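Some notes on the structure that comes next.
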Amino acid sequence: MLMKHLSQPGFPALSLSREEMPGKAFALRACGAALLAVAVGAAQARPGDARYDPDYDQAGEYAVGTLDERVAKLEKRLSGEAVLEMSNRLDQLQGDVQRLQGVVEELTHELEKAKKQQRELYDDLDQRISGGNAAGQQPVAPDGGTESSPPPEGSPPPPVAPTPPPTPLVGNNPPPRPPVVDAGADAAARKAAYDKGFNMLKDSKYPEAVKEFKKFLGSYPTGEYADNAQYWMGESYYVMRDFPSSRESFRKVIKDFPQSPKAADAQLKLGYIEYDSNQWANARSLLNDVVKNYPGSNAAQLATKRLAKMKQEGH
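Below you can see the structure in the form of structure tokens.
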């Protein structure tokens, strides 16, 4: 075994012989030389040797003398790789944060724009409700009739219609009586049905308001409150952003009730619907029609303001 180590390449040749050295001295020296050869061989491994590691040699590790130096060099290399990886990861995270900040700013802008439009819509609706609640409506007397102003003091009493003479009987059969229609009760029922839908609207219960206005128009398609019910149904749809249904309701106001005070407001809201749908040319045309067809009205003033806003926005 000793001779095998002594015969390895790169091991320095010994010039000692058994004849020149005593037995014990020779054995001790031989053992020391063998140990030295093993250590030197491990440190001087070359290609072709079973202990040779090409990656280890390429990294310059065979040139490092002590184990501590090798450990220090390995820690330094690992530390540098970790720092580089962390730096790359940090750059990537910073890029992601910047992109997310851009998205958040864009969404915030859109949200503020939607809130502003919603506030304008509610303000306009409140204005119309407060101004149109009693428009064209007369207070109903407790007995179901319409209240009238009392005559001025000192004025003569109103004339009393003469009682018609009794119709003579023909034979033994009394004359047929005409059907009795309680006009006061019908007017009260009509107003109660309308108020039910209008109160739903004031309480911001828009789907319920639409349902009640539809029910009212089914029972009273013409006459008092019919134009208002059709208009407020369109307003309810408009607040819910159901533009097709709202457009249909407002067009019906203009078609079925052209002389109604609500016709101008319905035309105005048709322009608003086109504005909210980004149909600038249609909106401009409808709003100009309001100004032209209803000069001096509140609807014409609002249409003028919206046209100015469109011009300011570049539409």
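Counting in our numbering, the sequence shown runs without a single skipped number right up to 328 at its last residue. Virtual Cβ for every residue (Gly too), placed ideally from N, Cα, C. It should be emphasised that the depicted structure is a prediction, and the values quoted were computed from it without experimental measurement.
CB of residue 219 within 8 angstroms of CB of residue 249, strictly:
Yes. Within cutoff.
Work out the CA separation of residue 306 and residue 282 for me, nearest whole Å.
Cα to Cα, the separation comes out at about 14 angstroms.
Would you mind reading off the limits of the alpha helix (DSSP H) that contains residue 240?
Its alpha helix (DSSP H) spans residues 239-252.
Does the distance from the CB of residue 263 to the CB of residue 240 come in under 8 angstroms?
Going by C-beta atoms, residue 263 is not nearer than 8 angstroms to residue 240.
Local Cβ density within 10 Å of residue 275, reported as buried at 16 or more and exposed below that:
Flag for residue 275 reads buried.
With 16 as the cutoff for other CB atoms within 10 Å, does residue 161 come out buried or exposed?
Reliability fails at residue 161, whose pLDDT of 38 lies under 50, so the model's placement of it is uncertain and the value that follows must be treated cautiously. Exposed, because fewer than 16 other Cβ atoms sit within 10 Å of the Cβ of residue 161.
Through-space distance from residue 120 to residue 247, alpha-carbon basis:
About 30 angstroms.
Contacts around residue 243, its chain only, beta-carbon distance under 8 angstroms, and the 5 residues preceding and following it disregarded:
Apart from the 5 residues on each side of it in sequence, residue 243 sits with its Cβ closer than 8 angstroms to the Cβ of 226, 230, 262, 265, 266, 269, 270 and 275 in its chain, given in chain order.
For residue 273, count neighbouring Cβ atoms within 10 angstroms of its own Cβ and tell me buried if that reaches 16, exposed if not.
Buried.
Helix, strand or coil at residue 327 according to DSSP, with G and I counted as helix
The answer is coil: DSSP assigns residue 327 none of H, G, I, E or B.
On a Cα-Cα basis, can you pick out the residue from 299, 85, 252 and 323 that is closest to residue 214?
The option with the nearest alpha carbon to residue 214 is 252.
Backbone CA spacing between residue 238 and residue 204 [nearest angstrom]:
Within the model, the alpha-carbon separation for residue 238 versus residue 204 is close to 8 angstroms.
Classify residue 255 as helix, strand or coil using the three-state DSSP reduction.
In this structure, residue 255 counts as coil in the three-state DSSP scheme.
Please look up how many angstroms separate the CB atoms of residue 304 and residue 294, rounded, as I've assumed it's under 8 angstroms.
16 angstroms between Cβ atoms; not a contact.
Classify residue 287: buried if its beta carbon has 16 or more other beta carbons within 10 angstroms, exposed otherwise.
The residue is buried, with at least 16 neighbouring Cβ atoms inside 10 Å.
Can you name the start and end residues of the alpha helix (DSSP H) that residue 301 belongs to?
Counting along the chain, the alpha helix (DSSP H) containing residue 301 begins and ends at 293-306.
Proximity of residue 299 and residue 284 at Cβ, strictly below 8 angstroms
Yes, the Cβ-Cβ distance between residue 299 and residue 284 is below 8 angstroms.
Residue 218, DSSP secondary structure in three states:
Residue 218 carries a coil assignment under DSSP once its states are collapsed to helix, strand and coil.
Between which two residues does the alpha helix (DSSP H) containing residue 280 stretch?
For residue 280, the uninterrupted alpha helix (DSSP H) run begins and ends at 275-289, by DSSP.
In this structure, how does DSSP classify residue 111 when only helix, strand and coil are distinguished?
Here residue 111 sits in helix by DSSP.
Going by the beta-carbon positions, is the gap between residue 210 and residue 222 smaller than 8 angstroms?
Against a cut-off of 8 angstroms, the Cβ pair of residue 222 and residue 210 comes out as a contact.
Below 6 angstroms CB to CB, which residues in the same chain sit around residue 292 once its five sequence neighbours on both sides are set aside?
Excluding positions up to five away in sequence, the list is empty.
By a C-beta neighbour count over all protein chains shown, 10 Å radius and 16 as the cutoff for buried, is residue 278 buried or exposed?
With 16 or more Cβ atoms within 10 Å of its Cβ, residue 278 is classed as buried.
Roughly how many whole angstroms lie between the Cα atoms of residue 322 and residue 311?
Rounded to the nearest angstrom, the two C-alpha atoms are 17 angstroms apart.
Using the C-alpha atoms, what's the distance from residue 290 back to residue 256?
So the alpha carbons of these two residues sit roughly 9 angstroms apart.
Answer with buried or exposed for residue 296, where buried requires no fewer than 16 other C-beta atoms within 10 angstroms of its C-beta.
The residue in question, residue 296, is buried, as its Cβ has 16 or more Cβ neighbours within 10 Å.
Residue 149 classed as buried or exposed, judged by whether at least 16 other C-beta atoms fall within 10 angstroms:
For residue 149, the pLDDT reaches just 42, beneath the cut-off of 50, and the residue's location in the model is therefore unreliable, although a value from the coordinates is still provided. Classification for residue 149: exposed.
Please go through the same chain and pick out, in chain order, the residues whose beta-carbon is closer than 6 angstroms to the beta-carbon of residue 103, but skip the five residues on each side of it.
Excluding sequence neighbours, residue 103 sits near nothing in its chain.
Alpha carbon of residue 108 to alpha carbon of residue 99, nearest angstrom
When rounded, the distance between both Cα atoms is 14 angstroms.
Is it the case that the Cβ atoms of residue 232 and residue 206 are separated by a distance below 8 angstroms?
Taking 8 angstroms as the Cβ cut-off, residue 232 and residue 206 qualify as a contacting pair.
If the criterion is Cβ atoms closer than 8 angstroms, does the pair residue 302 and residue 280 meet it?
Contact flag set, yes.
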